[in-house]
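Each remark here refers to the structure printed beneath this line.
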Amino acid sequence: VPIMTGITSPKTKSQRKKKSKKDRNDGPDVLSWKLDPEESFSDWTIEIMLDDKVEETYHVHRNVLAVGEKKSQYFRCLFRQNFQENSTKASRIKLDHGMLVKAFPQLL
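Now the structure itself:
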């Protein structure tokens, strides 16, 4: 029978919290467009514009936008073509109403 080494019992939530943030090396618990792009490894930025002003910024992942069950045909086409956005790794989407800006996260 092989002996398994390096296996420990799962830690409780309180045991995990005892580690200081400095000691933890496991990154964020939940992937979100609100995270710092360096921390989430996002590779695309979406800026939502209203009245020529950036209202919201989303740090997202190209593969999540363009592949899978909930893919966006817009972004899929954008990533496959040689558009200017591909060199800046960002899209600016201009919306004409504040309610649309608030609703945008539901589309992501």
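Okay, so the sequence shown: first residue is -16 according to my numbering, each after it adds one.
For every residue, glycine included, the Cβ atom is placed at its ideal position computed from N, Cα and C.
Nearest Cα to residue 41 within the set 57, 22, 16: 16.
For residue 32, the pairing in a beta bridge is given by DSSP as 37, 77. Here DSSP, grouped into helix, strand and coil, assigns residue 84 to helix. The shortest CA-to-CA distance from residue 39 to any of 29, 54, 62 is the one to 29.
Straight through space, the alpha carbons of residue 58 and residue 44 are spaced by roughly 11 Å. One Cα belongs to residue 35, the other to residue 25, and the distance between them is close to 25 Å.
Per the coordinates, the alpha-carbon of residue 61 lies some 12 Å from the alpha-carbon of residue 46.
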